[in-house]
Every structure is written in C-alpha cells, then in structure tokens.
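Worksheet: one structure, shown below.
Here is the structure:
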C-alpha cells in the first residue's frame with residue numbers, strides 16, 4: 637500500500653493513500669490538515685513537522 641504525495645501549492649501537499657485506521661489517525665494528528673471529500677484526498681501544510689509524520693506512516 638503506497639502513499640502518494642504531490643504539491644498543491646507552495647505551502648500545501650496533497651496526500652493520497654489506501655484507507656487504514658492507522659494512516660488516518662496519523663494524518664489527523666497534523667495541524668492544519670484538511671480532507672477534500674470531492675477529490676478524496678488530504679492536504680497538509682508543507683512543513684518539516686508534517687513531512688516527518690507522513691514519512692513514518694506504515
């Protein structure tokens with residue numbers, strides 16, 4: 637199961653992945669995260685702390 641990361645803007649990343657409770661829990665721990673229901677992806681701030689969290693998502 638892969639995690640796909642792409643740039644949304646200079647300060648936001650788009651995160652897509654197959655659903656698991658653990659992955660969603662980790663994403664929800666990121667301040668400033670947002671779920672886009674229509675496009676079915678998360679966006680997170682492009683910051684060092686956010687990237688550290690997504691790097692350890694199983």
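Numbering (our numbering), first residue to last: 637 to 694.
Where is the CB? At the ideal position from N, CA and C, for every residue including glycine.
Ranked by how close their Cα comes to the Cα of residue 656, the residues 644, 639 and 681 have 639 in first place. The beta carbon of residue 652 sits closer than 6 Å to those of 640 and 677, all from its chain and outside the five residues before and after it, given in chain order.
Rounded to the nearest whole angstrom, the C-alpha separation of residue 667 and residue 689 is 11 Å. Secondary structure at residue 641: strand, using DSSP grouped into helix, strand and coil.
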